[in-house]
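Engineer: 125 is the number of the first residue of the sequence shown in my numbering; add one for each residue after it. Ideal placement from N, C-alpha and C gives every residue a C-beta, glycine not left out. The structure that follows is given in the form of structure tokens.
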Amino acid sequence: MRADMETVKVSLGARSYDISVAQDIFTSGASVGLLSPFAKGVKVLIVSDSNVFPLYGELLARTLLVAGGSGVSESVFPAGETSKHLATIGDICRDAARAGLDRGSLIVGLGGGVVGDMAAFAASIYMRGIRCVQIPTSLLAMIDSGVGGKTGVDLPEGKNLVGTFYQPKAVLMDTLFLASLPPREMSNGFAELIKHAVLFDRALFDELEAAGDTLFRDHARLASLVARSCALKAAVVSRDEQERGERMLLNLGHTFGHAIEKVQDYRGLEHGEAVAVGTAAAARLSVRLGLLDADSAEKIAVLLRQYRLPVTVSGCEPAALLAAMSSDKKAVSGVPRIVLPLAIGRAEVRTDVPREAIEAVWEEVCERS
Ligand SMILES: NC(=O)c1ccc[n+]([C@@H]2O[C@H](COP(=O)([O-])OP(=O)(O)OC[C@H]3O[C@@H](n4cnc5c(N)ncnc54)[C@H](O)[C@@H]3O)[C@@H](O)[C@H]2O)c1
Ligand SMILES: [Zn+2]
Numbered sequence: 125m126r127a128d129m130e131t132v133k134v135s136l137g138a139r140s141y142d143i144s145v146a147q148d149i150f151t152s153g154a155s156v157g158l159l160s161p162f163a164k165g166v167k168v169l170i171v172s173d174s175n176v177f178p179l180y181g182e183l184l185a186r187t188l189l190v191a192g193g194s195g196v197s198e199s200v201f202p203a204g205e206t207s208k209h210l211a212t213i214g215d216i217c218r219d220a221a222r223a224g225l226d227r228g229s230l231i232v233g234l235g236g237g238v239v240g241d242m243a244a245f246a247a248s249i250y251m252r253g254i255r256c257v258q259i260p261t262s263l264l265a266m267i268d269s270g271v272g273g274k275t276g277v278d279l280p281e282g283k284n285l286v287g288t289f290y291q292p293k294a295v296l297m298d299t300l301f302l303a304s305l306p307p308r309e310m311s312n313g314f315a316e317l318i319k320h321a322v323l324f325d326r327a328l329f330d331e332l333e334a335a336g337d338t339l340f341r342d343h344a345r346l347a348s349l350v351a352r353s354c355a356l357k358a359a360v361v362s363r364d365e366q367e368r369g370e371r372m373l374l375n376l377g378h379t380f381g382h383a384i385e386k387v388q389d390y391r392g393l394e395h396g397e398a399v400a401v402g403t404a405a406a407a408r409l410s411v412r413l414g415l416l417d418a419d420s421a422e423k424i425a426v427l428l429r430q431y432r433l434p435v436t437v438s439g440c441e442p443a444a445l446l447a448a449m450s451s452d453k454k455a456v457s458g459v460p461r462i463v464l465p466l467a468i469g470r471a472e473v474r475t476d477v478p479r480e481a482i483e484a485v486w487e488e489v490c491e492r493s
């Protein structure tokens, strides 16, 4: 195993597990040693999508066999959020049954956040729960969905309305997989990375600033920042797995962002882009409430733009956005719960923000077409 592998521990008692991050987990062969404790002597089902499986499915299947898997099969669904529904979970479970997976078997998720959410959801219910290993291949999945054990699917009535908390046995993050990720998807992941820096880590924020646009290509340096970001999220998840308190901080930018996605009927900005606008909006709101200085809010907006992310949105009505925000699933009796930065590296959750202040921020953030 190479020395530059970074390991982040997610501490959850008996359900603790390691996240391994490097730019060469698969090319160095370290993947065999990381997978064999879970794959040895058991049947394995790879869950993946139609973009990722043709790129890395063969490599993973071979690795699992070398790691001692007694048989490897696959369940591949069409790429994209539109696959993230209950019928696909049924298909995955049927593929598992046809391949003869039993209670000792293993599901491995290979793909972005959509694959991760569904592979883990299927693993959490197939035969009342079998083991799962996650191999996130998008930057967003490495930074966000690959850490923390939330699983889920969408209903026609709303996103992520059905799911479970289910921790994987291990997570392998190989940043070399990002070489094939479209640049817009890279930016989506950077939005969540910047979010973690604004929430918890001023030094990480400064490093992202100093990196210019090199992180779009420099997979070794990116691996070390991914590991740092995972450690920040893992620490929060270890203290508040079920999102009863501190984990709510991770929703920075999301109350605004979800409202944009909803008003655009999920056909406008992508999730990370909406979160970027939302993070800039939360910073503006903090300034308006006297909680953050204007220079810091400007620095946050500049960093988001540096990673090719928007900080304003066009073609939306502020009133519609405000209404969507009040019906957010995390709102308490119609009052949105908003995470507000207090400085770069520190934030808090508030439920007492005056409606007029939120409205004023939407007015600033919406570009009139
Ligand atoms: N469970 C959680 O805590 C959590 C957190 C954040 C987001 N999510 C969920 O994650 C999903 C979004 O994740 P996402 O942005 O990764 O979406 P995604 O899984 O749809 O991936 C984005 C696109 O990139 C492609 N792709 C992925 N890896 C690739 C690679 N290495 N090379 C080429 N193409 C690749 C995918 O096929 C897809 O087309 C949403 O459904 C969201 O709800 C879950
Ligand atoms: Zn998000």
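Do the segment 158 to 171 and the segment 361 to 379 touch if we need at least three Cβ pairs shorter than 8 Å?
Structural biologist: With the cut-off at 8 Å, the segment 158 to 171 and the segment 361 to 379 do not touch.
Engineer: Could you pull out every residue in the same chain whose Cβ sits closer than 6 Å to the Cβ of alanine 383, ignoring the five residues on either side in sequence?
Structural biologist: The residue given as residue 383 occupies position 259 in the sequence shown. Here the set comprises Leu445, Ala448, Met449.
Engineer: Rounding to the nearest angstrom, what Cα-Cα distance links isoleucine 231 and arginine 492 in this structure?
Structural biologist: Mapped onto the sequence shown, residue 231 falls at position 107. Mapped onto the sequence shown, residue 492 falls at position 368. If I take the Cα positions, the gap works out to 48 Å.
Engineer: Ignoring anything shorter than 4 residues, give me the alpha helix (DSSP H) runs that lie fully in the segment 170 to 219, in order along the chain.
Structural biologist: The qualifying runs are 182 to 190.
Engineer: Closest by CA to isoleucine 143, which one among Leu136, Glu130, Ser152?
Structural biologist: By one-based count along the sequence shown, residue 143 stands at place 19. Per the Cα distances, Glu130.
Engineer: Report all residues from its chain with a CB closer than 7 Å to the CB of tryptophan 486; omit the five preceding and five following residues, and keep chain order.
Structural biologist: Position 362 of the sequence shown, counting from 1, holds the residue named residue 486. Pro442, Leu445, Leu446.
Engineer: Given this structure, state the Cα-to-Cα distance separating valine 399 from phenylalanine 162, to the nearest angstrom.
Structural biologist: Along the sequence shown, one-based indexing puts residue 399 at 275. Along the sequence shown, one-based indexing puts residue 162 at 38. Going from the Cα of valine 399 to the Cα of phenylalanine 162 covers about 35 Å.
Engineer: Run through the segment 268 to 295 for me and flag every whole alpha helix (DSSP H) of 4 or more residues, listed as ranges in chain order.
Structural biologist: Taking only runs of at least 4 residues, no alpha helix (DSSP H) segment lies wholly in the segment 268 to 295.
Engineer: Can you give the Cα-Cα distance for arginine 363 and glycine 272, rounded to whole angstroms?
Structural biologist: As a working mapping, residue 363 is identified with position 239 in the sequence shown. As a working mapping, residue 272 is identified with position 148 in the sequence shown. Roughly 11 Å between the two C-alpha positions.
Engineer: With H, G and I counted as helix, E and B as strand and the rest as coil, what does DSSP make of glycine 233?
Structural biologist: Taking the sequence shown and counting its residues from 1, the one referred to as residue 233 is at position 109. Three-state DSSP puts glycine 233 in a strand.
Engineer: Is the CB-CB distance between serine 172 and leucine 264 below 7 Å?
Structural biologist: For the purposes of this step, residue 172 is taken as residue 48 along the sequence shown, with counting starting at 1. For the purposes of this step, residue 264 is taken as residue 140 along the sequence shown, with counting starting at 1. No; because the gap between Cβ atoms is not below 7 Å, this pair is not in contact.
Engineer: Given 6 Å as the limit, tell me if valine 399 has its C-beta closer than that to any heavy atom belonging to ligand 2.
Structural biologist: The residue labelled residue 399 in the question sits at position 275 within the sequence shown. Yes, ligand 2 has a heavy atom inside 6 Å of this Cβ.
Engineer: Examine the Cβ distances between the segment 318 to 337 and the segment 348 to 361 and report whether three or more of them are shorter than 8 Å.
Structural biologist: Yes, since at least three Cβ pairs between the segment 318 to 337 and the segment 348 to 361 fall closer than 8 Å, the two stretches touch.
Engineer: May I have a chain-ordered list of the beta strand (DSSP E) segments no shorter than 3 residues that lie completely inside the segment 377 to 456?
Structural biologist: You should have found no qualifying run.
Engineer: For tyrosine 141, write down the residues that DSSP places opposite it in a beta bridge.
Structural biologist: What you label residue 141 is simply residue 17 of the sequence shown in a count that begins at 1. Paired residue(s): Val134.
Engineer: Going by the C-beta, is glutamate 205 closer than 6 Å to any heavy atom of ligand 1?
Structural biologist: Counting from one through the sequence shown, the residue named residue 205 turns up at place 81. Indeed, a heavy atom of ligand 1 lies less than 6 Å from the Cβ.
Engineer: Less than 6 Å between the CB of lysine 454 and some heavy atom of ligand 1, yes or no?
Structural biologist: As a first step, residue 454 must be located in the sequence shown, where it is residue number 330. No, ligand 1 has no heavy atom inside 6 Å of this Cβ.
Engineer: Figure out for me which residue from Leu466, Thr261, Val489, Ile462 has the closest Cα to the Cα of proline 478.
Structural biologist: Reading the sequence shown from its first residue, position 354 is the one you call residue 478. Answer by Cα proximity: Ile462.
Engineer: Would DSSP call proline 307 helix, strand or coil?
Structural biologist: As a working note, residue 307 is residue 183 in the sequence shown. Here proline 307 sits in helix by DSSP.
Engineer: Three-state secondary structure (DSSP) at proline 260?
Structural biologist: The sequence position of residue 260 within the sequence shown is 136, counting from 1. Three-state DSSP puts proline 260 in a strand.
Engineer: Can you tell me where the alpha helix (DSSP H) with proline 161 in it begins and where it stops?
Structural biologist: Position 37 of the sequence shown, counted from the start, is the residue given in the question as residue 161. From DSSP, the alpha helix (DSSP H) with proline 161 extends over 154 to 163.
Engineer: Whose C-beta lies closer than 6 Å to the C-beta of tyrosine 290 among residues of the same chain, with five residues either side of it excluded?
Structural biologist: As a working note, residue 290 is residue 166 in the sequence shown. Closer than 6 Å at Cβ, skipping near neighbours: Ala244, Ser248, Gly273, Thr275.
Engineer: List the DSSP bridge partners of valine 459.
Structural biologist: Along the sequence shown, one-based indexing puts residue 459 at 335. Partner(s): Val456.
Engineer: From threonine 379 to leucine 466, what does the alpha carbon distance come to, in whole angstroms?
Structural biologist: Residue mapping note: residue 379 aligns to position 255 of the sequence shown, counting from 1. Residue mapping note: residue 466 aligns to position 342 of the sequence shown, counting from 1. Answer to the nearest angstrom: the Cα atoms are 17 Å apart.
Engineer: Just mark lysine 164 as buried or exposed, buried being the case when its beta carbon has 16 or more other beta carbons within 10 Å.
Structural biologist: Within the sequence shown, numbered from 1, the residue matching residue 164 stands at position 40. Exposed, because fewer than 16 other Cβ atoms sit within 10 Å of the Cβ of lysine 164.
Engineer: Using alpha carbons as the reference points, say which of Gly224, Gly402, Phe201, Met297 lies closest to cysteine 490.
Structural biologist: The count along the sequence shown starts at 1 and reaches residue 490 at position 366. Selected option, being the one with the closest Cα: Gly402.
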